[in-house]
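Here the structure comes first, spelled out in structure tokens, and everything after it is commentary.
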Amino acid sequence: MQRQKIIIEGIVQGVGFRPFIYQLAERFGLAGSVGNDTRGVTIEVEGEADDLAQFVTAIQDEKPPLAAIQSLESETIAMQGSTGFSIVQSTANETRRVQIAPDTFVCEDCLQELFDPGDRRYRYPFINCTNCGPRYTIVTGIPYDRPLTTMVDFPFCAECQAEYDDPASRRFHAQPNACSTCGPQLQLVDGKGQSLVAEDPLSEAVQRLKDGQILAVKGLGGYHLAVDASNHEAVQELRRRKQRDEKPFALMAKNLDVVKRLAHVNDDESRLLQGVERPIVLLPKRSGHNLAENIAPANRYFGVMLPYTPLHYLLLQDDFEALVMTSANLSDEPIAFENDEACQRLGTIADAFLIHNRRIHTRTDDSIARVMSDRPLLLRRSRGFVPRAIAVPGKSRSTLAVGAELKNTVCLTRGDQAFLSQHVGDLKNLEVYDSFKQTINHLQSILEVQPERVAHDLHPDYYSTRYALEESGLPTVAVQHHHAHLASCLAEHGVEEPAIGVIFDGTGYGADGNIWGGEFLIGDLGSYERVGHFRYQPMPGGDLATREPWRMALSYLQSTYGEIPDGVEIFDGIAKSELRLVTQATMKGINAPLTSSCGRLFDAVAALLGLRQKVSFEGQAAMQLEMLADPAQTRPYPYLLSDDADQIIFDPSQMIDAIIKDHLVGLPTAQIAGRFHRSLAVMIEEVCVQIRQKTGLSLIVLSGGVFQNCLLTGMVLDSLNQSAFKVLTHSLVPPNDGGLALGQVVVASSLNP
Ligand code: ZN
Ligand code: ZN
Ligand code: FE
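Here it is in structure tokens:
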């Protein structure tokens with residue numbers, strides 16, 4: 001006989017861990033106790049040594065689905081001769097190291113009950129248990145306990161209370177536990193908040209969707225706008241009202257079988273779709289699907305997710321194969337999440353509102369992921385993933401990082417863990433900026449840390465930078481944009497050694513004041529050196545060039561030929577006077593900042609091939625180029641690498657010339673686009689070989705928004721693997737600016753722990 005003390009850290013509170021331990025102790029006939037404390041869960045058990053050993057193994061093997069064990073320490077202590085096993089109550093201020101769990105899709109057990117006519121929660125849209133349901137979005141403070149969630153509005157009925165108090169119940173200490181007697185209720189209302197039906201709002205909502213209406217549906221982290229995905233007119237009307245011309249809409253499909261009829265799904269992708277996080281997964285469309293074509297026009301992919309709340313299951317169950325479920329906002333605004341606000345802001349978009357009275361405390365968008373080169377890759381890390389910790393090298397003082405300006409996220413560290421926030425959005429929008437500040441405060445409060453410094457981008461005009469410098473009141477650390485991308489990928493892999501960073505994106509403020517974006521760096525978490533880049537190119541009209549790719553096309557034509565060559569007709573849609581003005585201004589260097597951006601080269605090539613002269617969202621032209629490119633192209637276009645002050649400069653003039661010639665003789669656009677991608681891959685390999693010769697480094701990091709491009713990334717990995725490089729790519733955090741804040745915290749921490 002012996003007694004052991006076991007301390008477990010990680011996501012172990014609010015996920016059914018104590019009842020799990022209780023049942024396990026009973027199974028092995030052990031006496032003792034389990035309780036929550038400042039670090040996580042502490043267990044004391046006594047019994048036969050054999051049983052104790054099996055008990056510890058079982059903890060790890062059978063832990064509840066939402067639990068994540070970061071560490072498990074055990075030591076033998078003096079026997080106390082306990083009898084029986086008990087759960088000891090936690091005290092209020094004993095939760096310092098504890099982590100809040102992310103929101104999770106409704107579990108199988110709850111689903112069974114949801115559709116069981118004999119169950120007391122039959123068709124109750126807010127069913128949940130310790131293994132599933134809302135978490136992060138309803139938490140208002142620490143410790144994670146019902147009074148500090150938005151469930152405080154709903155006093156338990158006797159039955160729910162009994163489940164909550166019963167260690168044998170799946171709902172023991174399930175803070176959002178509820179039933180139709182005591183819990184949140186659905187309502188169907190109009191834009192003024194007036195109730196539309198007295199009974200059964202759900203079937204009325206379904207009927208309206210069937211009739212082609214647009215419904216705002218309150219979900220876990222915010223509102224969706226829903227329409228029947230097979231109804232072309234309804235989708236078109238949604239586009240018109242939402243002022244969204246072409247950007248693809250996300251789909252929610254009834255089940256995996258339906259998804260497989262809409263799109264090609266491999267094993268990795270189906271795992272990702274069915275994961276507890278339930279992200280939107282980008283999947284190659286199948287021909288012959290019976291959904292409206294205008295859901296994702298000019299796009300090879302559908303963004304599909306499976307239902308994740310009981311309400312979603314109820315909506316889709318009988319009547320729809322798939323619904324369009326797009327974040328409820330006007331372009332650029334943050335996702336709506338409060339009832340009054342939703343009715344107000346979405347009044348012109350939605351015909352009716354399916355709402356409920358469980359408040360959302362923290363707005364959280366759907367996460368977006370894809371499988372790239374056999375690994376999951378998060379493109380937007382938000383609902384379901386936040387606030388899960390990311391381990392970072394070395395313990396250091398708490399650091400806040402405020403991220404970039406677009407696709408903003410923030411990051412806060414506690415010890416050797418980094419907490420990257422949900423997707424915040426484009427800070428130029430005032431409401432998004434408010435939500436940025438709330439997110440910072442909320443993270444500090446639920447993690448119970450006060451940052452001692454703030455890391456920010458070099459860009460002086462980012463709202464996040466201004467917040468750091470003018471409002472945070474903390475010592476600041478400026479981190480160069482592309483160094484942050486490099487560090488973010490290194491940190492994700494727990495790598496501290498130096499690497500070659502191939503960092504390609506649209507825009508990042510350079511250390512020389514120019515706009516960088518096609519960068520070859522060498523560096524580690526603490527420092528970097530720029531060893532190569534795309535040749536600087538004027539960006540006619542500055543920021544305007546990101547929305548009007550014809551400007552970059554013009555810029556490349558000017559620097560390649562000095563003028564617009566005969567036969568090039570791509571500027572037909574542009575007023576002659578505007579074209580002349582921009583041409584002259586660019587030659588004189590007026591309002592034409594210099595950029596080494598790879599994203600802008602993609603824009604230029606897309607425009608030169610006549611794909612599009614203007615875009616309605618960033619990266620649209622590049623995406624279209626990727627979509628239509630023929631992946632089988634193996635022959636690169638010519639290009640020039642030159643040396644300038646020890647930096648390797650990539651000059652694409654010969655490539656532009658060859659592309660124009662191919663285009664003018666009428667070669668297929670798919671072939672040209674494929675060769676363009678291949679050329680970049682071959683060029684990257686050649687540059688990296690040169691850098692390896694100079695530095696001896698053979699570890700490579702691929703980061704920056706350009707590496708969301710599956711085709712390019714695949715080609716680059718092929719080339720680099722052939723040259724025996726070891727290559728790190730993103731998986732846990734996005735390669736785009738949504739992952740930047742993680743890089744910023746690790747750079748700041750490594751400079752001065
Ligand atoms: Zn459940
Ligand atoms: Zn109840
Ligand atoms: Fe970037």
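Residue numbers (my numbering): 1 to 753.
Glycine residues also receive a C-beta, built at the ideal position from the N, C-alpha and C atoms.
Since this is a predicted model, take the numbers as computed values, not measurements.
- Contact between the stretch 127-137 and the stretch 164-176 is present: 3 or more CB-CB pairs across the two stretches fall below 8 angstroms.
- Apart from sequence neighbours up to five positions away, the residues of its chain that approach G183 with a beta-carbon distance below 6 angstroms are F126 and F154, ordered along the chain.
- Contact annotation: S488 and L742 have beta-carbon atoms nearer than 7 angstroms.
- Bounds of the alpha helix (DSSP H) holding R675 are T669 to T695.
- Around ligand 1, the residues whose beta-carbon falls short of 5 angstroms from at least one of its heavy atoms are C107, C110, C129, N131 and C132, given in chain order.
- Contact between I11 and L72 is ruled out by a C-beta separation of about 13 angstroms, above the 8 angstroms threshold.
- Q558 sits buried, since 16 or more C-beta atoms from the chains shown fall within 10 Å of its C-beta.
- In this structure, P387 is the residue among A391, P387 and D61 with its C-alpha nearest to the C-alpha of T362.
- The secondary-structure analysis by DSSP pairs L412 across a beta bridge with L400 and F419.
- D603 has its CB no nearer than 6 angstroms to any heavy atom of ligand 3.
- Taking 7 angstroms as the cut-off, the Cβ atoms of N408 and V424 count as close.
- Note that the C-beta distance between F725 and C598 is not below 7 angstroms.
- Around the C-beta of Y136, 16 or more other C-beta atoms lie within 10 Å, and the residue is accordingly described as buried.
- Note that the C-beta distance between E44 and S33 is below 7 angstroms.
- Put simply, of N357, R120 and I69 the residue whose alpha carbon is nearest the alpha carbon of V189 is N357.
- If only uninterrupted beta strand (DSSP E) runs of at least 3 residues are considered, those enclosed by the stretch 331-383 are 352-356, 368-372 and 375-380.
- Collapsing the DSSP output to three states places C489 in a helix.
- An exposed status is given to N290, since fewer than 16 other beta-carbon atoms sit within 10 Å of its beta-carbon.
- Straight-line measurement puts the Cα of I349 at about 8 angstroms from the Cα of A216.
- Only residues of its own chain outside the window of five on either side were considered, and among them P334, R363, V424 and G425 have a CB closer than 8 angstroms to the CB of S435, listed in chain order.
- Within the stretch 628-675, the runs of beta strand (DSSP E) at least 3 residues long that lie entirely inside it are, in chain order, 640-644 and 647-651.
- DSSP places I7 inside the beta strand (DSSP E), whose first and last residues are Q2 to I11.
- Counting C-beta pairs with one atom in each stretch, the stretch 390-404 and the stretch 308-315 have fewer than three that are closer than 8 angstroms, which means they do not touch.
- Looking at K576, R380, R535 and G508, the one whose alpha-carbon comes closest to that of D543 is G508.
- Distance from the CA atom of G403 to the CA atom of V477, rounded to whole angstroms, is 12 angstroms.
- By the Cβ-count criterion, I77 is exposed, with fewer than 16 other Cβ atoms from all chains shown falling within 10 Å of its own Cβ.
- In the DSSP assignment, L225 falls within the beta strand (DSSP E) that extends over Y223 to D228.
- Using a cutoff of 6 angstroms, the CB of C710 does not count as near ligand 2, since none of the ligand's heavy atoms is closer than that.
- The beta carbon of C411 sits no closer than 6 angstroms to any heavy atom of ligand 2.
- Its chain contains I100, V139, G141, I142 and P387 as the residues whose beta carbon lies nearer than 8 angstroms to that of I446, once the 5 sequence neighbours on both sides are disregarded; these appear in chain order.
- Assignment of H456 by DSSP, reduced to helix, strand and coil, places it in the strand class.
- Checking the 6 angstroms criterion, the Cβ of D461 is out of range of every heavy atom belonging to ligand 3.
- Looking from the CA of N752, the closest CA among R239, W550 and V454 belongs to V454.
- Between L740 and P498, the beta carbon gap of about 20 angstroms keeps them out of contact (Cβ cut-off 8 angstroms).
- Per the CB criterion, closer than 7 angstroms to any heavy atom of ligand 2, the qualifying residues run in chain order as F156, C157, E159, C160, A178, C179, T181, C182 and G183.
- Bridge partners of E46 according to DSSP: R3 and A31.
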